[in-house]
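In case it helps, the numbering used here puts the sequence shown at residues 703 to 954.
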Amino acid sequence: MMLNRSLPVRSAAELALMRRAGKVVAEMHSVIRENLRAGVTTAELDRLAREVIERRGATSNFLGYHGFPAVICASPNDVVVHGIPNDTPLEDGDIISIDCGAVIEGWHGDAAFTAAVGTIDAEAQRLIDVADASLAAAIATMVDGGRLSDIGNAVQTLVEGAGLGVVREYVGHGIGTAMHESPDVPNFGKPGKGPKLTAGSTLCVEPMVTIGSPDTDVDDDGWTVRTTDASLAAHVEHTIAITDNGPEILTL
Ligand code: MG
Ligand code: MG
Numbered sequence: 703m704m705l706n707r708s709l710p711v712r713s714a715a716e717l718a719l720m721r722r723a724g725k726v727v728a729e730m731h732s733v734i735r736e737n738l739r740a741g742v743t744t745a746e747l748d749r750l751a752r753e754v755i756e757r758r759g760a761t762s763n764f765l766g767y768h769g770f771p772a773v774i775c776a777s778p779n780d781v782v783v784h785g786i787p788n789d790t791p792l793e794d795g796d797i798i799s800i801d802c803g804a805v806i807e808g809w810h811g812d813a814a815f816t817a818a819v820g821t822i823d824a825e826a827q828r829l830i831d832v833a834d835a836s837l838a839a840a841i842a843t844m845v846d847g848g849r850l851s852d853i854g855n856a857v858q859t860l861v862e863g864a865g866l867g868v869v870r871e872y873v874g875h876g877i878g879t880a881m882h883e884s885p886d887v888p889n890f891g892k893p894g895k896g897p898k899l900t901a902g903s904t905l906c907v908e909p910m911v912t913i914g915s916p917d918t919d920v921d922d923d924g925w926t927v928r929t930t931d932a933s934l935a936a937h938v939e940h941t942i943a944i945t946d947n948g949p950e951i952l953t954l
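Written out as structure tokens, the structure reads:
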């Protein structure tokens, strides 16, 4: 049950550390984007992300999480989330979602993007554009005095309005001294419910959007989440602080 209590509030010093962790995540994203091309393997992208973490004196909150074997999740095409990096080269026309995080002095960042490998068709590009737009719409609701369920309502309204699907089984989350803290941040629901958003609260918002049905299954590896109908999926995420001046994206 979602109670109407307020969310934890971070001090300025704590937010500064989360900003540093977020910048490491953003750098991992940018190095991966620069190296995203047909022929590269997701294991190679994971190695590049590890180099960023080491160079910045951070640690990974993905590696070893419930036994996860890498610092990034790499989720191509019909994989929604939690794909394990491997030695299969990406192909022209693939889409790929990359999710990763970093920890600085005990404070966490977590963010994901979906991008094209080479040239993709218009339907795949629209999926990515709608996912990005839904994240932006969600972030715009994250103001002091807003309500938690406004976030998911913004995602659902935009995505379903575009005729695409919103995954229900996986959700965003609070973040701070752990990657996954309460509350859950669903990507669907009615507005105006749940805890009040307060300046100093920090949340991860992460829409998962599908071209077909939003239903998912998990592979035998226990991690890889795919769309049941094998339709393409996109996953985008930022770590956001609510401030007196509106939402601040910590993972840019
Ligand atoms: Mg997350
Ligand atoms: Mg993530």
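C-beta: ideal position from N, C-alpha, C; glycine also.
All of these numbers come straight from a predicted model, not from anything done at the bench.
Is residue i near ligand 2, judged by its Cβ being under 7 Å from some heavy atom?
i	result
A714	no
E908	yes
D834	no
D801	yes
D812	yes
In whole angstroms, what separates the C-alpha of residue i from that of residue j?
i	j	result
D780	P897	33 Å
M730	V773	10 Å
M844	I853	7 Å
H784	T900	30 Å
G878	T904	7 Å
G759	T790	30 Å
A936	A943	23 Å
G902	A838	19 Å
V869	A718	32 Å
S679	G769	One cannot answer for residue 679 here, as it falls past the ends of the chain, which runs 703 to 954.
G894	G914	28 Å
S929	G891	At residue 929 the sequence reads Thr, which differs from the Ser that was named. Approximately 21 Å, taken between the alpha carbons.
Is the beta carbon of residue i less than 8 Å from the beta carbon of residue j?
i	j	result
A740	W809	no
M720	G803	no
V727	D812	yes
E794	V832	Here the sequence assigns Asp to residue 794, which means Glu is not the residue at that position. It is not a contact, given that the beta carbons lie outside the stated cut-off.
S836	P909	yes
A776	L747	yes
L829	L792	no
I798	W925	no
L934	A826	yes
V907	E939	yes
I951	I841	yes
Does the Cβ of residue i lie closer than 7 Å to at least one heavy atom of ligand 1?
i	result
H940	no
D886	no
G874	yes
On the criterion of 16 or more Cβ atoms from any shown chain inside 10 Å, does residue i qualify as buried, or is it exposed?
i	result
E716	buried
E858	In the sequence on display, residue 858 carries Gln and not Glu. The residue in question, Q858, is buried, as its Cβ has 16 or more Cβ neighbours within 10 Å.
P771	exposed
R757	exposed
R735	exposed
D801	buried
V754	buried
Please go through the segment 840 to 877 and give each complete beta strand (DSSP E) segment of 3 or more residues, from N-terminal end onward. Secondary structure remark: continuous beta strand (DSSP E) runs of at least 3 residues inside the segment 840 to 877, in chain order: 874 to 876.
Enumerated in chain order, which unbroken segments of the alpha helix (DSSP H) with a length of 4 residues or greater are wholly contained in the segment 711 to 744? The DSSP assignment places complete alpha helix (DSSP H) segments of no fewer than 4 residues inside the segment 711 to 744 at 714 to 736, in order along the chain.
Whole beta strand (DSSP E) elements within the segment 753 to 789, 3-residue minimum: The qualifying runs are 774 to 778, 781 to 783.
Fully enclosed by the segment 874 to 920, which beta strand (DSSP E) runs are 3 residues long or longer? The beta strand (DSSP E) runs of length 3 or more contained entirely in the segment 874 to 920 are, from start to end of the chain, 874 to 876, 883 to 887, 904 to 907, 910 to 912, 918 to 920.
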